[in-house]
Each structure stands twice: as structure tokens, then as C-alpha cells.
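For reference, the structure is listed below as C-alpha cells.
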Ligand code: NAD
Ligand code: UD1
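Numbering (this note's numbering), first residue to last: 190 to 531.
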């Protein structure tokens, strides 16, 4: 991959994409961002500029828009694509399955077709640990059985299957399927972070909003799981480590291949551990109440992280304390998310 050839980041104004933009900029890798802004703010671009991580161009477009993609691929000689664009709310996907499948699956197929037309056959794809469903074995190896328990998960599995079938049919492709565990934290400048719309579904943004006083208390979904303290156990990783994983994947795709890799720490953290660590590190107590289990949740989900180390030469660098400190710096500096004037 020649350094001067840019990378296309789809979904690059979103949570993980914006942090990956900073990592690429730091590595001297130019990039273009395409995003339809359905779940992100254009103000992210101002923050990226302050971090010396501006894209060569920002294109407000949809990955389902073939004409926009063809025009973009004609303007740049892309070395490859990091494909984050997608809808990601599990509950919403249950209510709106067709919207999720259309956006995530049709969108990805449309993007792959545009790439093929432009002879750009290198892609890093955002998959999720959700493809493991309720895992029989933890830590979960990449060879574990795959299943979908909701339309969001099905959309990821269908995209993965499409990528596997594409590679089998045309081995010229360079494909990395990255299965993220639970990304949290924020850039340590406090300029970039996660800014969910409405009531957060995920644990960390809910905790930071309780810390800020925007929500009264955290509901801990279940304290009767078969885990050391009864609360759900997950594999949380810092979003900057996850961003570095994308650079590592691009580098590993120097020759045509299909890589499928978990990105996680391999360490289990319970909801109770997270609440206690956040309160201790930041000196802010987190009011909480135990309530019933959330339907669809599993007791434990953590990565077998050995393949990432072997194939991508990547492992996480940031610990749980750092995830909590950076998440709180972001939230406290930006109580209104990207609408907060800085
Ligand atoms: P995000 O919502 O912050 O970012 C996704 C971006 O994609 C948004 O900016 C959105 O506007 C854009 N987008 C959505 N549909 C689009 C379309 N049709 N055309 C153009 N742009 C579109 O989400 P994120 O947390 O940064 O997640 C990035 C990717 O990683 C997603 O594919 C998500 O499913 C996957 N993932 C996320 C997590 C997580 O916990 N955040 C975990 C596993 C996998
Ligand atoms: C959720 C999604 C999953 C997605 C992942 C990453 C569901 C069922 N699963 O996973 O598909 O890939 O996010 O975005 O939505 N918790 C509380 N109180 C809260 C919020 C969460 O106790 O208010 C607990 C959960 O029960 C879980 C843990 O915190 O034990 C983490 O939850 P969350 O951040 O939503 O992530 P996942 O459930 O792992």
C-alpha cells in the first residue's frame, strides 16, 4: 500500500470512524470520509481539524448511492476502504428489520460492487462479537459457531457471509473482518467521543450521563447471572486501541487474503466492576439499582484475542482505568456532545 494513496473511511464521522481518522492521520496515511450523517454530526470535522486529522475531502453521501460512490472512486486512487457505515442499535433493529438489512447489507453490497468496478479490492469491515450469539465457550475463538439473535446481528452475519463468498469467488480481494467486542473510552484530548442520540442503550454512555446528572441512576440489568458478582461480564476495549487495530489490519492486508479477527482485550469486566472503577478513578459516585435482566443479553462475552496478536501484531494498550478516565473527560467537557461549543 503506497503511503500516498488515500484510504476511504465510510462512516468516518461516527464514534469509531472518527477515532480511526486520528490514528491514520498520525501514521501519515491520507484519507477521505464518506458519511450520510444519519447518526453523527458534521461538527466532528471541526474536532478532527483541531487534532490535525482532517480528511482530504468529506463527502456527505449514502453508501447505497452508486453514482456518488462511482464519482468518488473516479476522483481518488484509493488504496482501500475501512467500512464503518451502518446502523447499530439492536432494539431499533428489532422494530425496523428491513431498514437495518437494507442499510447495512444492501449498503455493503453496493459499496463492494463500486469497489470492484473501480478495481479497489481491499476492505476492512466492522463486524461485531454479536455474531457469536450466546457463546458456548468463553473466551470466544474466531472458529466458534456463528448465529444471529436480532436483525442487527443478522445484518453483520450476512455481510460477513457476502465477504467470504466474494473472496472464494475472486481471490484477488484483500479482506479483514474485524469482530469488535465492547468499544468504550474516548480520545484523550476530550475533543472526540461517543455521542449517542437520546437515551443510551450501552453501558458506558449511560454511566457518564448519570455522572453528569443527566440521568438519575443506572439500571443494572440482572445480578443473578452465573458470573463472579452476578452481573454481566463483557470485554471492554478502548476506542483508540480499536482504531489502531484498523491500521494494523490495513497493513496486514498487503497481499490478497481473508482475515477474520476478534478485537478485544480477552479480559472480563462485570457491570459492577465498571461502575466501581468509574467511580474510583473519576471520584464521581454512580447511583444504580438492580433490575431484571435485559432480554437478549448474555452472561459473558469475551474475546480470545490471540489471533489479533498473531495476524495483526496488535494488542490493547489501555486499561480499564484509562477507559473510564477518558470517557468521563469527553462527557464532562462535552455535556451536549458535539453541540458543546469548545
Ligand atoms: P456510529 O453510528 O457512531 O458510526 C456509524 C456511522 O455510519 C455514522 O456516522 C452514520 O451516520 C454512518 N452511516 C450509517 N448508515 C450509513 C449509510 N447508509 N451511508 C453512509 N453513512 C452511514 O457507530 P460506531 O459505534 O462508530 O460503529 C461503527 C461500525 O462498527 C458500525 O458498523 C457498527 O455496527 C460496528 N460496531 C460497533 C460497535 C460499538 O459498540 N460501537 C460494536 C461492534 C460493531
Ligand atoms: C450491545 C448489543 C450488541 C452490540 C454491543 C456493542 C444488545 C442486546 N446487545 O451489547 O449487539 O454488539 O452492544 O455495541 O443490545 N447494562 C446495564 N445497564 C445499562 C446498559 C447495559 O446493566 O443501562 C449491562 C448489560 O446488561 C451488559 C453490559 O452492561 O451486561 C454491557 O451492555 P452494552 O454496553 O449494552 O453492550 P452489550 O450488551 O455487550
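The C-beta atom is built at its ideal place from N, Cα and C for all residues, glycine as well.
Asked	Found
Local conformation of residue 397 per DSSP, three classes	helix
Cβ-based neighbour list, residue 471, same chain, cut-off 8 Å, excluding 5 preceding and 5 following	400, 513, 514 and 517
Runs of alpha helix (DSSP H) wholly within the region 246-328 (minimum 4 residues, chain order)	255-264, 279-284, 286-289 and 296-306
Nearest-angstrom beta carbon gap, residue 426 and residue 452 [assumed within contact, 8 Å]	7 Å
Sheet register partners of residue 489 (DSSP bridge)	422
As assigned by DSSP and simplified to three states, the class of residue 366	strand
Whole-angstrom C-beta distance between residue 313 and residue 435, which should lie under 8 Å	6 Å
Identified DSSP bridge partners for residue 221	197
Own chain, CB closer than 8 Å to residue 255, minus 5 neighbours either side, in chain order	299, 302 and 303
Whole-angstrom distance between residue 457 and residue 262, CA atom to CA atom	42 Å
Under 8 Å between C-beta atoms of residue 382 and residue 523	yes
Backbone secondary structure at residue 380 - three-state DSSP	coil
Same chain, Cβ closer than 8 Å to residue 320, five either side skipped, listed in chain order	335, 336, 337, 342, 345, 346, 349 and 368
Segment contact flag, the region 404-418 with the region 475-487, C-beta cutoff 8 Å, min 3 pairs	yes
Residue 190 versus residue 264 - alpha carbon distance	A caution first: residue 190 carries a pLDDT of 46, below 50, which makes its placement in the model too unreliable to give a value.
Cα-Cα separation, residue 495 to residue 332	12 Å
Burial state of residue 249 (16 or more Cβ within 10 Å)	exposed
Buried or exposed by the 16-neighbour rule on C-beta atoms within 10 Å, applied to residue 277	buried
Integer Cβ distance of residue 200 from residue 439, believed to fall under 8 Å	The Cβ separation is near 16 Å, so there is no contact.
Straight-line gap, residue 290 to residue 340 (C-alpha atoms, nearest Å)	7 Å
Backbone CA spacing between residue 432 and residue 206 [nearest angstrom]	8 Å
Proximity test, residue 432 beta-carbon vs the ligand NAD heavy atom, cut-off 7 Å	no
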